[in-house]
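Asks:
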Amino acid sequence: MNAIMRDPAQSVVYQIYIKSFCDSNGDGIGDLPGITSKLDYLAYLGVDYLWITPFFPSPQRDNGYDVADYCAVDPVYGTMADFDELVAEARSRGIGIMLDMVLCHTSDQHEWFQRALAGEERFRRYYILRDGHGSIGPGDPGEPPTNWQCAFGGSAWQWEPRLGKWYLHLHDVSQPDLDWTNPEVREEMAKVVSFWRERGVAGFRFDVINLISKPEVFEDDTEGLGRRMFSDGPHVHEYLKELVERSGIDGMMTVGELAATDLENCVRYTNPAEHELGQVFSFHHLKVDYAGGDKWALAEPDIARLREIFASWQEGMQAGGGHNALFWCNHDQPRAITRFGGRGQVGKPGGSWDHVGKMLAVCTHLMQGVPYVFEGEELGQTNAGFASIDDVRDVESLNNYRILVEKGASEDEALEVIRERSRDNGRTPMQWTAGPAAGFTTGEPWIGVPENHELINVEAEQGRAGSMLEFYRGLIQMRHTLDVVSRGRVGFVEACESAPRAIVYERWLEGDAAAAARAAGQPVRLLVACSFDAEPCRVKPVRADGGVVALDGAEVLVDTYADDAVRVGEDSLELRPHEAVVLSLA
Ligand code: NOJ
Ligand code: CA
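Following the working numbering, the numbering of the sequence shown begins with -14 at its first residue and continues without gaps.
#1: Only counting the same chain, and skipping five residues up and downstream in sequence, which positions put a Cβ closer than 8 Å to that of M302?
#2: With a threshold of 6 Å on Cβ separation, who are the neighbours of E145 within its own chain once the five nearest residues in sequence on each side are excluded?
#3: Would H260 be called buried (16 or more neighbouring beta carbons within 10 Å of its own) or exposed?
#4: Nearer than 6 Å: is that true of the beta carbon of Y50 relative to any heavy atom of ligand 1?
#5: If we call anything under 7 Å between Cβ atoms a contact, is F215 one with K226?
#6: Rounding to the nearest angstrom, what Cα-Cα distance links G278 and D85 in this structure?
#7: Rounding to the nearest angstrom, what Cα-Cα distance links A422 and V434 in this structure?
#8: CA-CA distance, N505 and T466?
#9: Report yes if the C-beta distance between V331 and N442 is below 7 Å; otherwise report no.
#10: Please report the distance separating the alpha-carbon of I432 from that of F180.
#11: Please confirm whether any heavy atom of ligand 2 lies closer than 6 Å to the CB of I80.
#12: Around ligand 2, what residues have a beta-carbon under 5 Å from a heavy atom of it, in chain order?
#13: Can you round the beta-carbon distance between V566 and A514 to whole angstroms, since I take them to be within the 8 Å contact cut?
#14: Please determine whether the Cβ atom of V377 lies at a distance below 6 Å from any heavy atom of ligand 1.
#15: Starting from P356, trace the beta strand (DSSP E) both ways and give me its first and last residue.
#16: Alpha carbon to alpha carbon, how far is M(-10) from G79?
#17: What are the start and end residues of the beta strand (DSSP E) that includes T239?
#18: Rounded to whole angstroms, what is the Cα-Cα separation between N132 and A141?
#19: At a threshold of 6 Å, does D156 count as lining ligand 1 (C-beta to nearest heavy atom)?
#20: Within its chain, find whatever has a CB closer than 8 Å to the CB of Y275; leave out the 5 residues flanking it on each side and keep chain order.
#21: Taking only three categories from DSSP, how would you classify I113?
#22: Which class does K176 belong to by DSSP, given the choice of helix, strand or coil?
#23: Figure out for me which residue from G19, L271 and P526 has the closest Cα to the Cα of L511.
#24: Where DSSP assigns a beta bridge to L35, which residues make up the other side?
#25: With a 10 Å radius around its C-beta and 16 neighbouring C-beta atoms as the bar for buried, classify G104 as buried or exposed.
#26: When burial is assigned at 16 or more other CB atoms within 10 Å of the CB, is N(-13) buried or exposed?
#27: Mind checking T239: buried by the 16 CB within 10 Å criterion, or exposed?
#28: Within 8 Å, do at least three Cβ pairs link the stretch 379 to 397 to the stretch 336 to 348?
#29: When every heavy atom of ligand 1 is checked, does at least one fall within less than 6 Å of the C-beta of D47?
#30: I need the straight-line Cα distance from S(-4) to E491, nearest angstrom please.
#31: Following a CB-centred definition, is V553 positioned closer than 6 Å to any heavy atom of ligand 1?
#32: Within the present structure, is the beta-carbon of D162 separated from the nearest heavy atom of ligand 1 by less than 6 Å?
#33: Taking the beta strand (DSSP E) that I461 belongs to, which residues open and close that run?
#34: Tell me, to the nearest whole angstrom, how far the beta carbon of G420 is from that of A547; I am working on the premise that it is less than 8 Å.
#35: When you compare only the Cα positions, how much space is there between S337 and P562?
#36: Beta strand (DSSP E) containing V72: first to last residue?
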């Protein structure tokens, strides 16, 4: 039986990093049947769509983001029959499956690249091949064609004698970029997306999709590492429109992952009139703790900057008719709860772990857009605390550890940076139980399980009042049931000098929508106040036009401290350390 899928505007998406979610056969690697076995849990949590990271055949140099065959299932993750069963079982619970489309590059093991290596001209034209800078003729590599750096450290170009050219790889050397100026490539990609749509998936996430259009002229970036030369390139909107139209996915649940993008482009990507994408992931808010913009240099999060970013993206996308994906965590990020100060009393109620986790959840789940929950975030899973570089698996982390040491850091110093910044922090197994390997596998997990799984796990939190899991469940229900959350307008307010580390915004309904909500006894205007401060603060909300927000008569809808002790005055509100409060305004 097919249940009806929820409208994206009222939906919450759950991201599954397949390798680490649930292992059904004891080989230590999560798989498709493992996901199917946990659908009742996901239905209990209340999520509407599951974005599943790539499970296609792959040499796994970048954990599946190096695809060797787009239209098959890697045997390590199961079979096509397992996939069909997952889709059907999810659908019967009202849950849609979203697939991860990695269309910017292939694996070097993909048949297309192999045939290019073998000299087939047709497939050489699938990739971006160039002569070297200063090359004196065939066979002489010279220098890389430009100074662009790849995302994982080092040059974005690789000399390949079998091609007699350098090939571009914006990620790992094993991930050659496809040439989207070639109409055959665009057609192949539309076929891939159609293939999965026809198999019954409900939506798609598009990996680094704003990198598919490279500049007309390849030249050195004199100001940086090349990013600005190939992000949101000249034909990106045209290629996306073509892809969407040809594959028949307009109006489906889609989200693009965008590297180093800007607001103007994101409005275009997601305004429905453009027929490109449903929502976008942008990453500016997750760089507020990069010292000088360098991911591998540690700093405390700059909350004033975070507030500015949220305000400009929320209000700017609203003004342009665009749509944000809302998130703190994914498989490329350290765990936000650790990052924003939740290191105290881990796994227990009442400390900074508990307060930061819930505050972060309120902060994004009440915004305008579609919230994404990353596996384990709803439990309060933390960074892994890697004790040795040998415990780290990720290619980006290992490359950058080496680069830090080459630049003169001691091994301990380099490890400290990797411990905070490694993508593997988000990739440790989902914590199901307090038992061996956190109930993720009966075998040896492919990556270590944090010790705190003894306290932080589904078994301990499901059905326990006040747990992180139940708190997330409540927020998901709010988006399903309250129009002001799913459809309301958004506006940021100043929190005033006594609360420099608070982020405060309003959501409200207007006109008929407001009247309908009022008639249904639903709130019409909310004030959401989130303190990122480890000290208490007083918020006196003032709108952009100078108007004071009247708080008398406000009703407390959510309080992360849950003790009925919220202190609301006529025009100000006290927040305790890392507290978040949602008020329904009279
Ligand atoms: C973004 C993915 O999320 C990340 O895991 C991957 O390494 C790169 N894109 C390259 O595909
Ligand atoms: Ca397995």
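Built from N, CA and C at the ideal position, the CB exists for glycine as well.
Replies: Reading it off the structure:
#1: Within the same chain, M302 has close Cβ partners L248, C251, V252, T255, H308, N309, Q353 and G354.
#2: Only Y152 meet the Cβ criterion.
#3: By the neighbour-count criterion, in which 16 or more other beta carbons inside 10 Å mark a residue as buried, H260 falls on the exposed side.
#4: Between ligand 1 and the CB of Y50, the shortest heavy atom gap is smaller than 6 Å.
#5: No, the Cβ-Cβ distance between F215 and K226 is not below 7 Å.
#6: Rounded to whole angstroms, the gap between the alpha carbons of G278 and D85 is 28 Å.
#7: Approximately 6 Å, taken between the alpha carbons.
#8: It is worth fixing the name first, because residue 505 is Ala in this sequence and not Asn. Their Cα atoms are separated by approximately 11 Å.
#9: Using a Cβ distance threshold of 7 Å, V331 and N442 do not count as a contacting pair.
#10: One C-alpha to the other measures close to 32 Å.
#11: For I80, the shortest C-beta to heavy atom distance toward ligand 2 is 6 Å or greater.
#12: That gives D8, N10, D12, I14 and D16.
#13: Going by Cβ atoms, the distance from V566 to A514 rounds to 5 Å, so yes, they are a contact pair.
#14: No, Cβ of V377 sits at least 6 Å from all heavy atoms of ligand 1.
#15: V355 to F359 is the span of the beta strand (DSSP E), which, as asked, contains P356.
#16: Roughly 5 Å between the two C-alpha positions.
#17: Taken as a continuous stretch (DSSP letters only), the beta strand (DSSP E) holding T239 covers M238 to E242.
#18: Each residue's alpha carbon lies about 8 Å from the other.
#19: Correcting the residue identity first, residue 156 is His in this sequence and not Asp. Closer than 6 Å to some heavy atom of ligand 1: that describes the Cβ of H156.
#20: Result list for Y275: A282 and A284, in chain order.
#21: Residue state, collapsed to three classes: coil.
#22: Helix, per DSSP.
#23: When G19, L271 and P526 are compared, the shortest CA-CA separation from L511 is found for P526.
#24: Bridge partners of L35: Y(-1) and I82.
#25: That one is exposed.
#26: With a pLDDT of 46 at N(-13), under the threshold of 50, the predicted position of this residue should be treated as unreliable, though the coordinate-derived value follows. Within 10 angstroms of the beta-carbon of N(-13) lie fewer than 16 other beta-carbons, which makes it exposed.
#27: Counting the other CB atoms within 10 Å of its CB gives T239 a total of 16 or more, which places it among the buried residues.
#28: In short, these stretches do not touch, since the Cβ pair count stays below three.
#29: Taken from the Cβ of D47, at least one heavy atom of ligand 1 lies inside 6 Å.
#30: Approximately 20 Å between the Cα atoms of the pair.
#31: False, no ligand heavy atom lies under 6 Å from that Cβ.
#32: Not so, every heavy atom of ligand 1 lies at least 6 Å from the Cβ.
#33: Run containing I461: none in the beta strand (DSSP E); it sits in the alpha helix (DSSP H), M453 to T466.
#34: Rounded, the Cβ-Cβ distance is 29 Å, inconsistent with contact.
#35: Roughly 8 Å separates the two Cα atoms.
#36: V72 -> not in any beta strand (DSSP E); alpha helix (DSSP H) instead, spanning M65 to R76.
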